[in-house]
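Positions in the sequence shown are counted from 1; adding 11 to them yields my numbering.
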Amino acid sequence: MAEKLLISGIEVEVQRKKIKNMHLTVRPPDGRVHISVPLYTGNDVIHRFVSGKSNWIQRHADRIRSHPRPSDPEYISGDMLPVWGRLCTLEILYGRTHCVELEGDRLYMTVREASTACQRAGIMTEWYRRQLKAALPELIQKWENIVGVEAGSVRVKNMRTRWGTCNTKEKRLWFNLRLARKLPECLEYVVVHELVHLKEKGHNAVFYGYMDQYLPEWRAIRHGLNHPAGEWDPGIDHGERE
Ligand SMILES: [Zn+2]
Numbered sequence: 012m013a014e015k016l017l018i019s020g021i022e023v024e025v026q027r028k029k030i031k032n033m034h035l036t037v038r039p040p041d042g043r044v045h046i047s048v049p050l051y052t053g054n055d056v057i058h059r060f061v062s063g064k065s066n067w068i069q070r071h072a073d074r075i076r077s078h079p080r081p082s083d084p085e086y087i088s089g090d091m092l093p094v095w096g097r098l099c100t101l102e103i104l105y106g107r108t109h110c111v112e113l114e115g116d117r118l119y120m121t122v123r124e125a126s127t128a129c130q131r132a133g134i135m136t137e138w139y140r141r142q143l144k145a146a147l148p149e150l151i152q153k154w155e156n157i158v159g160v161e162a163g164s165v166r167v168k169n170m171r172t173r174w175g176t177c178n179t180k181e182k183r184l185w186f187n188l189r190l191a192r193k194l195p196e197c198l199e200y201v202v203v204h205e206l207v208h209l210k211e212k213g214h215n216a217v218f219y220g221y222m223d224q225y226l227p228e229w230r231a232i233r234h235g236l237n238h239p240a241g242e243w244d245p246g247i248d249h250g251e252r253e
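This is how it looks when you write it as structure tokens:
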């Protein structure tokens with residue numbers, strides 16, 4: 012349970028952690044204010060820090076509250092859904108069969124009029140899965156050649172905590188279907204990461220040496236992947252060996 016402080020009329024959640032610097036965030040969907048602080052920071056220090064940032068907090072809270080949360084769409088016309096890192100506007104059409112088509116930055120979803128948000132979410136999930144399955148073969152082939160390994164099988168699934176996983180013994184790679192919501196470079200980064208595990212199981216110096224060699228900008232891509240603007244995401248990691 013986080014500690015709470017009232018500072019300049021703002022309720023602030025305080026979390027004490029083993030870190031060096033204070034870190035202030037305003038979080039969706041309601042603009043609540045959270046601060047992580049080093050373990051033994053005095054409340055007076057926190058008060059001073061947050062008071063000095065009250066304008067910044069107000070600005071961010073206003074902005075967050077005025078934007079609907081993209082992770083929680085109702086699947087009605089006008090909802091914004093991310094596709095390969097671009098926010099697209101959903102248009103609902105009524106028909107007898109289900110289908111989704113992307114044209115420019117418009118996503119046309121044909122559904123039965125009586126369909127629920129949950130059913131529409133399922134239709135979108137399958138569509139994302141197909142996007143990913145269509146994009147993967149070419150990327151896998153490209154990077155198999157560069158890294159000098161061969162994947163046994165490549166699969167897509169919905170994962171809550173990882174962007175990808177790899178069973179090094181079976182050479183089986185799994186990719187999170189939510190990657191179809193992210194910039195294409197994010198998928199590429201996860202592909203490289205998982206393929207490099209076929210050379211080096213652990214997250215060690217050898218592993219990161221390969222990453223630096225093959226994809227020098229991987230840290231920046233990973234940061235973008237794990238710190239999206241206002242969207243719910245699986246945890247921090249990317250991939251794990253089994
Ligand atoms: Zn990994």
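Even glycine gets a Cβ: it sits at the ideal position worked out from N, Cα and C.
Discussion item. Under 7 Å: does the beta carbon of His109 sit that close to some heavy atom of ligand 1?
Written reply: Residue mapping note: residue 109 aligns to position 98 of the sequence shown, counting from 1. His109 has its Cβ no nearer than 7 Å to any heavy atom of ligand 1.
Worksheet item: Could you give the distance in angstroms between the alpha-carbon of Leu209 and the alpha-carbon of Lys180?
Response: Within the sequence shown, numbered from 1, the residue matching residue 209 stands at position 198. Within the sequence shown, numbered from 1, the residue matching residue 180 stands at position 169. If you draw a straight line from the Cα of Leu209 to the Cα of Lys180, it comes to about 8 Å.
Item to complete: Give the range of the alpha helix (DSSP H) segment to which Tyr225 is assigned.
Response: As a first step, residue 225 must be located in the sequence shown, where it is residue number 214. Where Tyr225 is concerned, the enclosing alpha helix (DSSP H) starts and stops at 216-225.
Item to complete: Tell whether a beta-carbon distance below 8 Å holds between Val48 and Ile18.
Response: For the purposes of this step, residue 48 is taken as residue 37 along the sequence shown, with counting starting at 1. For the purposes of this step, residue 18 is taken as residue 7 along the sequence shown, with counting starting at 1. With respect to Ile18, Val48 sits apart: the two C-beta atoms are not nearer than 8 Å.
Discussion item. Checking 8 Å against the spacing of the C-beta atoms, do Val37 and Glu24 come in under that value?
Written reply: Counted from its first residue, the sequence shown places residue 37 at position 26. Counted from its first residue, the sequence shown places residue 24 at position 13. Result no, Cβ atoms of Val37 and Glu24 do not sit closer than 8 Å.
Worksheet item: Between the C-alpha atoms of Gly133 and Val122, what's the straight-line distance to the nearest angstrom?
Response: As a position in the sequence shown, residue 133 is number 122, starting the count at 1. As a position in the sequence shown, residue 122 is number 111, starting the count at 1. So the two alpha carbons sit approximately 11 Å from each other.
Item to complete: Identify which residue in Ser126, Asp55, Leu198 has its Cα closest to the Cα of Leu147.
Response: By one-based count along the sequence shown, residue 147 stands at place 136. For Leu147, the closest C-alpha among the options Ser126, Asp55, Leu198 is that of Leu198.
Worksheet item: I think Tyr139 touches Ala191, with their Cβ atoms under 8 Å apart; what is that distance to the nearest whole Å?
Response: The count along the sequence shown starts at 1 and reaches residue 139 at position 128. The count along the sequence shown starts at 1 and reaches residue 191 at position 180. So it is a contact: roughly 4 Å between Cβ atoms.
Discussion item. What would DSSP say about His249, mapped onto helix, strand or coil?
Written reply: Here residue 249 is taken as the residue at index 238 of the sequence shown, counted from 1. The pLDDT assigned to His249 is 36, lower than 50, so where the model puts this residue is not dependable; a value taken from the coordinates is nonetheless given after this. Per DSSP, reduced to three states, the secondary structure at His249 is coil, with no helix or strand assignment.
Worksheet item: If you draw a straight line from the C-alpha of Arg230 to the C-alpha of Gly106, how long is it?
Response: As a position in the sequence shown, residue 230 is number 219, starting the count at 1. As a position in the sequence shown, residue 106 is number 95, starting the count at 1. About 45 Å.
Discussion item. I'd like to check one pair, Asn187 with Arg173: are the Cβ atoms closer than 8 Å?
Written reply: Against the sequence shown, residue 173 aligns to sequence position 162. Against the sequence shown, residue 187 aligns to sequence position 176. Result yes, Cβ atoms of Arg173 and Asn187 sit closer than 8 Å.
Worksheet item: From Val167, Ile21, Gln130, pick the residue whose C-alpha is nearest to that of His109; which is it?
Response: Walking along the sequence shown from the start, residue 109 turns up at place 98. It is Gln130.
Worksheet item: Would you say the beta carbon of His204 comes nearer than 7 Å to a heavy atom of ligand 1?
Response: Working through the sequence shown from its first residue, we reach residue 204 at position 193. Ligand 1 has a heavy atom closer than 7 Å to the beta-carbon of His204.
Fill in: Under the three-state DSSP convention, the category Gly175 falls into
If you number the sequence shown from 1, residue 175 lands on position 164. Strand at Gly175.
Worksheet item: So who's on the other strand from Thr121, going by DSSP bridges?
Response: For the purposes of this step, residue 121 is taken as the residue at position 110 of the sequence shown. Paired residue(s): Leu104, Cys110.
Worksheet item: With DSSP run on the structure shown, which of helix, strand or coil describes Lys29?
Response: The residue you call residue 29 lines up with position 18 of the sequence shown. Correct three-state label for Lys29: coil.
Worksheet item: Considering only the beta carbon of each residue, do Asn54 and Leu16 sit closer than 8 Å?
Response: Counting from one through the sequence shown, the residue named residue 54 turns up at place 43. Counting from one through the sequence shown, the residue named residue 16 turns up at place 5. Taking 8 Å as the Cβ cut-off, Asn54 and Leu16 qualify as a contacting pair.
Worksheet item: Is the Cβ-Cβ distance between Arg96 and Lys182 less than 8 Å?
Response: Here residue 96 corresponds to residue number 85 of the sequence shown, with the count starting at 1. Here residue 182 corresponds to residue number 171 of the sequence shown, with the count starting at 1. Checking the sequence, you will find Gly at residue 96 rather than Arg. It is not a contact, given that the beta carbons lie outside the stated cut-off.
Worksheet item: Hey, quick one: how far does the alpha helix (DSSP H) through Ile151 stretch, first residue to last?
Response: In the sequence shown, the residue the question calls residue 151 occupies position 140. Looking at the DSSP string, the run of the alpha helix (DSSP H) that includes Ile151 is 128-158.
Fill in: Secondary structure of Glu14, DSSP reduced to three states
Taking the sequence shown and counting its residues from 1, the one referred to as residue 14 is at position 3. Strand, per DSSP.
Fill in: Beta-ladder partner(s) of Ile21, from DSSP
On the sequence shown, residue 21 is found 10 positions in, with the first residue counted as 1. The partner list for Ile21 (beta bridge, DSSP) reads Ile18.
Worksheet item: Between Gly175 and His214, is the Cβ-Cβ spacing less than 8 Å?
Response: As a first step, residue 175 must be located in the sequence shown, where it is residue number 164. As a first step, residue 214 must be located in the sequence shown, where it is residue number 203. No.
Worksheet item: Relative to ligand 1, is the shortest distance from any of its heavy atoms to the C-beta of His208 smaller than 7 Å?
Response: Within the sequence shown, the letter at position 197 stands for residue 208. Yes, since a heavy atom of ligand 1 falls inside the 7 Å radius drawn around the Cβ of His208.
Worksheet item: Taking DSSP as the reference, what is the three-state secondary structure of Leu209?
Response: As a first step, residue 209 is located in the sequence shown; it is residue number 198 there, counting from the start. Leu209: coil per DSSP, three-state reduction.
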